[in-house]
Amino acid sequence: MDTESFTHLLGAARDGNGDAHNRAYALIYDRLRAAAHQQLRKRGGQQTLCTTMLVGEAWLKLADAEVPVRDREHYLALAALAMRHIVVDQARRAFAEKRGGNEIRVTLNENVAQLDAMDADVLSLDAALDKLAQLDARLAKIVEWRYFGGMSETEIASMLDVTERTVRREWRKARAFLYREMGGGEIDEDGAT
Numbered sequence: 232m233d234t235e236s237f238t239h240l241l242g243a244a245r246d247g248n249g250d251a252h253n254r255a256y257a258l259i260y261d262r263l264r265a266a267a268h269q270q271l272r273k274r275g276g277q278q279t280l281c282t283t284m285l286v287g288e289a290w291l292k293l294a295d296a297e298v299p300v301r302d303r304e305h306y307l308a309l310a311a312l313a314m315r316h317i318v319v320d321q322a323r324r325a326f327a328e329k330r331g332g333n334e335i336r337v338t339l340n341e342n343v344a345q346l347d348a349m350d351a352d353v354l355s356l357d358a359a360l361d362k363l364a365q366l367d368a369r370l371a372k373i374v375e376w377r378y379f380g381g382m383s384e385t386e387i388a389s390m391l392d393v394t395e396r397t398v399r400r401e402w403r404k405a406r407a408f409l410y411r412e413m414g415g416g417e418i419d420e421d422g423a424t
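Be aware that the sequence shown starts at 232, since it is given in the working numbering, and climbs by one per residue.
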């Protein structure tokens, strides 16, 4: 994908060109879908959010935000943030429903316990990421972009204007912090918990 044409299409879409909006979406869709699939795969196959829904919600959230986008990498970074918010909000809703939502349910299904743990992990990661952002915003962004957005070290290095080696070093540093904060629930090299 040509980054310049994507950025140009986004600009035209912001100016009201519906065709440009559709073409920009088509250009970035596969990349967003891969990131969403990776994100949902980490949570297992029993979540209520599917890849297509996550991509669509992220796209709509970004379209409504009217944030000026510099280039493709910047858009992917914004998409990672949107996906983080969507996944965390979904986990909060699911966790709240399991803890006394609208219905009274009694179940002894192992899958429910597994879902509870996954939702708690996402919420724990979100809280730990917020703490990390207070200490070092760049480390938090690296985790967000890699874990929630599926961005590569190369893409992250380009966004931050640093070397890939710096990204790898800071990724390890961020993982160590999250490991301590989450009580052993470390994020592995591929961004999985």
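Glycine is no exception: its CB is placed at the ideal position from the N, C-alpha and C atoms.
Q: Give the single residue among Leu354, Gln321, Asp302 whose Cα lies nearest to the Cα of Glu288.
A: When each option's Cα is compared against that of Glu288, the closest is Gln321.
Q. Out of curiosity, what's the CA-to-CA distance linking Asn253 and Gly414?
A. When rounded, the distance between both Cα atoms is 44 Å.
Q. Which residues mark the beginning and the end of the alpha helix (DSSP H) in which Thr431 is found?
A. The structure shown does not extend to residue 431, since the chain spans only 232 to 424, so no value can be given for it.
Q) Terminal residues of the continuous alpha helix (DSSP H) containing Glu288? A) Counting along the chain, the alpha helix (DSSP H) containing Glu288 begins and ends at 282 to 296.
Q) Counting pairs of Cβ atoms below 8 Å between the region 248 to 268 and the region 363 to 373, do you hit three or more? A) Between the region 248 to 268 and the region 363 to 373, the count of Cβ pairs shorter than 8 Å is below three; the stretches do not touch.
**Q.** Distance between beta carbons of Ile317 and Leu285, contact taken as under 8 Å
**A.** In this structure Leu285 is in contact with Ile317, their Cβ atoms being roughly 6 Å apart against a cut-off of 8 Å.
Q | Terminal residues of the alpha helix (DSSP H) in which Gly380 lies | A | Here Gly380 belongs to no alpha helix (DSSP H), and DSSP marks it neither H nor E.
Q: Indicate the three-state DSSP secondary structure (helix, strand or coil) for Met314 in the structure shown.
A: Under the three-state reduction of DSSP output, Met314 falls in the helix class.
Q. What does a CB cutoff of less than 7 Å around Ile387 pick up in its chain, not counting 5 residues either side in sequence?
A. Scanning its chain for C-beta atoms nearer than 7 Å, with the 5 sequence neighbours on each side dropped, one finds around Ile387 the residues Ile373, Trp376, Arg377, Val398, in chain order.
Q) In terms of residues, what are the limits of the alpha helix (DSSP H) holding Val374? A) From DSSP, the alpha helix (DSSP H) with Val374 extends over 368 to 374.
(Q) Between the alpha carbons of Asn248 and His268, how many angstroms are there, rounded? (A) As the crow flies, the alpha-carbon of Asn248 is around 29 Å from that of His268.
**Q.** Inter-residue spacing [alpha-carbon to alpha-carbon] between Met314 and Asp357
**A.** As the crow flies, the alpha-carbon of Met314 is around 12 Å from that of Asp357.
**Q.** Rounded straight-line distance, which links the Cα of Glu401 to that of Val300
**A.** Going from the Cα of Val300 to the Cα of Glu401 covers about 25 Å.
**Q.** Integer-rounded CB distance, given that Leu409 should sit under 8 Å from Asp363
**A.** Contrary to the premise, residue 363 reads as Leu rather than Asp in this sequence. Rounded to the nearest angstrom, the Cβ distance from Leu363 to Leu409 is 7 Å, consistent with a contact under 8 Å.
Q: Verify whether the separation of the beta carbon atoms of Leu240 and Leu263 is less than 8 Å.
A: Not in contact: Leu240 and Leu263 (Cβ atoms no closer than 8 Å).
(Q) Let's test the definition: count the other Cβ atoms within 10 Å of the Cβ of Arg425 and tell me whether it reaches 16, buried, or not, exposed. (A) This structure cannot speak to residue 425, because the chain is shown only from 232 to 424.
Q. Leaving out the 5 sequence neighbours to the left and right, which residues in its chain are closer than 6 Å to Ala266 when beta-carbon positions are compared?
A. Gly380, Gly381, listed in sequence order.
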